[in-house]
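Q: Starting off with a structure, shown below.
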Amino acid sequence: MVATKNYKIWFCTGSQDLYGDECLRKVAEHSQKIVEELNKTGKLPFELVFKPVLIDQATIRQTLNDANNDPECAGVITWMHTFSPAKMWIIGLQEYKKPLCHLHTQFNEEIPYDTIDMDFMNENQSAHGDREYGHIVSRMGIERKIIVGHWTDPEVVAELADWMTTALGIMESSHIRVARLGDNMNNVAVTEGDKVEAQVKFGWEIDHYNVNDVVKYVDAVSAGDVSALTDEYYSKYNILLEGRDEAEFRKHVEVQAQIEIGLEKFLTERNYHAVVTHFGMLGGLKQLPGLAIQRLMEKGYGFGAEGDWKTAALVRLMKLMTAGKKDAKGTSFMEDYTYNLVKGKEGILQAHMLEVCPTIADGPVSIKVQPLSMGNREDPARLVFTAKEGPAIACSLVDLGTRFRLIINAVDCKKTEKEMPKLPVATAFWTPQPDLKVGAAAWILAGGAHHTSFSYDLSVQQMVDWADAMGIEVVIIDKDTNIRDFKNELRWNAASYR
Ligand code: MN
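The numbering of the sequence shown is numbering that gives the first Met the number 0, which starts it at 0 and goes up by one.
Right, here's the structure in full:
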């Protein structure tokens, strides 16, 4: 489900024809070597492709337009090995539409003290050429990522890898399609938003269906298919009957299996990658989709509850950006629920009525059937588990009326001090950075929602780079946050993002 294109990133080296063939041959040789070695690290999420050295306006324009037109090209990395007079770049950059990275590196790591002469200096002058190029990109107001350091430095390689993932997010954002099975929950403010502006800014297509359009698909699922999927659930998850009748329990689980199959067919046929539900708008569905939604999120679908299409699209985006990541720890829709305010043990218990993605589970996953405290349907089956420990990010996209703001909080996930045997939902528990007191105050000042898109597998910086590429305001709450500066940042942003 999360499969995307076989993306590649182009590596474009800038120079000019002033240096002669011998020098340009070496420039090309060095660039090819850098590309080869970077590909060999095995650390990049997709392949780097060497492009012939760019020495004049025509080749720059042609190459950047070729990048625009190649559906597999997710972005371009530029590097000025020598001096490349930047007026030559203007028309190409004006026409270029994809993610841009400026790798400010140099072929040699150390100054060759004993042998350096003017020929060497003229051939290896990215400190010089990259400043000329950087000037024009800044003057033209083009958003790009700048990565500085030697190309063999593992930190530089990691930054390149992270940016390549962000480039995928930028490219794929415009393909995200959300099916709303029900509107935003009445009277709720923070999950509302301007769907037209979301399409302008992010490319998201957000459509609406009556939930009964899906019910037709659910009703059409064969008993054999329901039984087979329920068997799969029973082989994969622990069954926690908790005193319920075994046959009655299975019937409840079967309802979720039927919803999973029917809903996925509905989404696949219409090419949707994210879905929202609303516990108060269930039409002919017998249960609130719980286990069914959890399974779809695990497959890579975005999800938002109570009509929250912004979070659904963001979850899908983050699922795309983390798909195929080695040793991934998980990405999910999440909701701030209850605090632990005991000094030294502060944290936020995270959960939802049902819909938490099992990719974040630590250890075994079980099925429970329990009544819901809201809505008017039969007791839904849901997957229960606790989430992994470690650093993660929680993101909230809010509509401030005149603009979108992405709020990113670095959080530290922990185990709760004790088990919670009576809580029939999947949970995570985290302390926001820099601590609960400052983290929660900053989140509220920024207008962040109670719903978040949560991931262990993306960095704050990757989401900042995505937001920058989308041209929206982004604020970070992390170990460096203090309220006085944060309030000023919000004030300045209000002036900047009018
Ligand atoms: Mn909710």
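Ideal Cβ placement from N, Cα and C applies to all residues, glycine included.
Classify isoleucine 347 as helix, strand or coil using the three-state DSSP reduction.
A: Taking the first residue of the sequence shown as position 1, residue 347 is located at position 348. Residue state, collapsed to three classes: strand.
Q: Using the Cα positions of methionine 87 and alanine 157, report the straight-line distance between them to the nearest angstrom.
A: The residue you call residue 87 lines up with position 88 of the sequence shown. The residue you call residue 157 lines up with position 158 of the sequence shown. Between the alpha carbons of methionine 87 and alanine 157 lies a distance of about 31 Å.
Q: Is there at least one non-hydrogen atom of ligand 1 closer than 7 Å to the beta-carbon of histidine 174?
A: Numbered from its first residue, the sequence shown carries residue 174 at position 175. Incorrect: histidine 174 has no Cβ contact closer than 7 Å to ligand 1.
Q: Can you tell me whether DSSP reads glutamine 398 as helix, strand or coil?
A: Position 399 of the sequence shown holds residue 398. The amino acid at residue 398 is misidentified as glutamine; the sequence shows aspartate. Three-state result, aspartate 398: strand.
Q: What residue does the alpha helix (DSSP H) around aspartate 118 start on, and which one ends it?
A: Residue 118 sits at position 119 when you count from the first residue of the sequence shown. Taken as a continuous stretch (DSSP letters only), the alpha helix (DSSP H) holding aspartate 118 covers 117 to 122.
Q: For leucine 423, does the count of other Cβ atoms within 10 angstroms reach 16, so buried, or fall short, so exposed?
A: In the sequence shown, counting from the first residue as 1, residue 423 sits at position 424. The question names leucine, but residue 423 in the sequence shown is proline. Counting Cβ neighbours within 10 Å, proline 423 comes out buried, since at least 16 surround it.
Q: Helix or strand or just coil, what does DSSP make of glycine 329?
A: Your numbering for residue 329 matches position 330 in the sequence shown. Here glycine 329 sits in coil by DSSP.
Q: Looking only at DSSP bridge pairs, what is glutamate 334 linked to?
A: Against the sequence shown, residue 334 aligns to sequence position 335. In the DSSP output, where bridge partners are listed per residue, glutamate 334 has Ala350 and His450.
Q: Please go through the segment 395 to 441 and give each complete beta strand (DSSP E) segment of 3 or more residues, from N-terminal end onward.
A: 403 to 412 and 427 to 431
Q: So threonine 330 and cysteine 356 are supposed to be a Cβ contact under 8 Å. How far apart are they, rounded?
A: Position 331 of the sequence shown holds residue 330. Position 357 of the sequence shown holds residue 356. Their Cβ separation, rounded to whole angstroms, is 7 Å, which keeps threonine 330 and cysteine 356 in contact under 8 Å.
Q: Check whether the segment 420 to 434 and the segment 116 to 132 touch, using three or more Cβ-Cβ pairs below 8 Å as the test.
A: no
Q: Cβ atoms of threonine 415 and phenylalanine 403: under 8 Å apart, would you say?
A: One-based indexing of the sequence shown puts residue 403 at position 404. One-based indexing of the sequence shown puts residue 415 at position 416. Not closer than 8 Å, so no.
Q: Following the continuous alpha helix (DSSP H) through isoleucine 135, name the residue where it begins and the one where it ends.
A: Taking the first residue of the sequence shown as position 1, residue 135 is located at position 136. Its alpha helix (DSSP H) spans residues 125 to 138.
Q: Given 7 Å as the limit, tell me if glutamate 334 has its C-beta closer than that to any heavy atom belonging to ligand 1.
A: As a first step, residue 334 must be located in the sequence shown, where it is residue number 335. At least one heavy atom of ligand 1 is nearer than 7 Å to the Cβ of glutamate 334, so yes.
Q: Rounded to whole angstroms, what is the Cα-Cα separation between aspartate 411 and lysine 298?
A: As a position in the sequence shown, residue 411 is number 412, starting the count at 1. As a position in the sequence shown, residue 298 is number 299, starting the count at 1. A straight-line Cα-Cα distance of about 25 Å links aspartate 411 and lysine 298.
Q: Any contact of the segment 254 to 266 with the segment 285 to 304, i.e. 3+ C-beta pairs under 8 Å?
A: yes
Q: Under the rule that 16 or more other beta-carbon atoms within 10 Å means buried, what is isoleucine 110, buried or exposed?
A: Within the sequence shown, the letter at position 111 stands for residue 110. Flag for isoleucine 110 reads exposed.
Q: Could you give the C-beta distance for leucine 92 and valine 75, rounded to a whole number, given that I count them as a contact under 8 Å?
A: The residue you call residue 92 lines up with position 93 of the sequence shown. The residue you call residue 75 lines up with position 76 of the sequence shown. Not quite, the Cβ-Cβ distance comes to about 10 Å (not below 8 Å), so this is no contact.
Q: Any contact of the segment 368 to 384 with the segment 165 to 179, i.e. 3+ C-beta pairs under 8 Å?
A: no
Q: Runs of 4 residues minimum, wholly inside the segment 162 to 201: which ones carry the alpha helix (DSSP H) assignment?
A: 194 to 201
Q: Are the beta-carbon atoms belonging to glutamate 241 and lysine 367 less than 8 Å from one another?
A: Residue numbering aside, residue 241 sits at position 242 when the sequence shown is read from its first letter. Residue numbering aside, residue 367 sits at position 368 when the sequence shown is read from its first letter. Cβ distance < 8 Å, so glutamate 241 and lysine 367 count as in contact.
Q: Which of the three DSSP states is assigned to glutamate 488 in this structure?
A: Your numbering for residue 488 matches position 489 in the sequence shown. Reduced to three states, the DSSP call for glutamate 488 is helix.
Q: Nearest-angstrom Cα distance between glycine 362 and isoleucine 238?
A: Here the question's residue 362 lines up with position 363 in the sequence shown. Here the question's residue 238 lines up with position 239 in the sequence shown. For glycine 362 and isoleucine 238, the distance between alpha carbons rounds to 15 Å.
Q: Pick from Gln105, Gln432 and Glu472: whose alpha carbon is nearest that of methionine 120?
A: Counted from its first residue, the sequence shown places residue 120 at position 121. The residue with the shortest Cα to Cα distance from methionine 120 is Gln105.
Q: Less than 6 Å between C-beta atoms, sequence neighbours within five positions excluded: which residues of the same chain meet that for alanine 327?
A: Numbered from its first residue, the sequence shown carries residue 327 at position 328. Thr321 and Asp456, listed in sequence order.
Q: Going by other Cβ atoms of all chains shown within 10 Å of its Cβ, with 16 needed for buried, is serine 14 buried or exposed?
A: Taking the first residue of the sequence shown as position 1, residue 14 is located at position 15. When all chains shown are included, serine 14 counts as buried.
Q: Threshold first: 4 residues or longer. Then list the alpha helix (DSSP H) segments lying entirely within the segment 202 to 244, N to C.
A: 210 to 218 and 222 to 235
Q: My assumption, with CB atoms under 8 Å, is that leucine 319 sits in contact with glycine 168. Please give the rounded CB distance.
A: Taking the first residue of the sequence shown as 1, we reach residue 319 at position 320. Taking the first residue of the sequence shown as 1, we reach residue 168 at position 169. Rounded, the Cβ-Cβ distance is 6 Å, consistent with contact.
Q: Would the segment 242 to 251 count as touching the segment 198 to 212 if we require 3 or more Cβ pairs under 8 Å?
A: no
Q: Is it a yes or a no for the segment 23 to 43 touching the segment 59 to 69, going by three-plus beta-carbon pairs under 8 Å?
A: no
Q: Going by beta carbon distance, what residues of the same chain come within less than 7 Å of methionine 117, once the five residues before and after it are set aside?
A: Stepping through the sequence shown from its first residue, residue 117 is reached at position 118. Once the five neighbours on either side are set aside, methionine 117 has no close Cβ partner at all.
Q: Using DSSP with H/G/I as helix, E/B as strand and the rest coil, what is serine 372?
A: Translated into positions along the sequence shown, residue 372 becomes position 373. In this structure, serine 372 counts as coil in the three-state DSSP scheme.
Q: Assuming proline 44 and methionine 163 are in contact, meaning their beta carbons sit under 8 Å apart, how far apart are those beta carbons, in whole angstroms?
A: Residue 44 sits at position 45 when you count from the first residue of the sequence shown. Residue 163 sits at position 164 when you count from the first residue of the sequence shown. With a Cβ gap of about 5 Å, proline 44 and methionine 163 count as contacting.
Q: Tell me which residues share the same chain as serine 365 and place their Cβ nearer than 8 Å to its Cβ, disregarding the 5 neighbours each side in the sequence.
A: If you number the sequence shown from 1, residue 365 lands on position 366. In chain order, Tyr236, Asn237, Ile238, Leu239, Leu382, Val383 and Phe384 place their CB closer than 8 Å to the CB of serine 365, counting only its own chain and leaving out the 5 sequence neighbours on each side.
Q: What separation, rounded to the nearest whole angstrom, lies between the Cα atoms of proline 433 and isoleucine 476?
A: As a working note, residue 433 is residue 434 in the sequence shown. As a working note, residue 476 is residue 477 in the sequence shown. If you take the alpha carbons of proline 433 and isoleucine 476, they lie about 7 Å apart.
Q: Taking the alpha carbon of glutamate 472 as the reference point, which residue from Lys200, Ala380 and Tyr6 has its own alpha carbon closest?
A: One-based indexing of the sequence shown puts residue 472 at position 473. Nearest option by C-alpha distance: Lys200.
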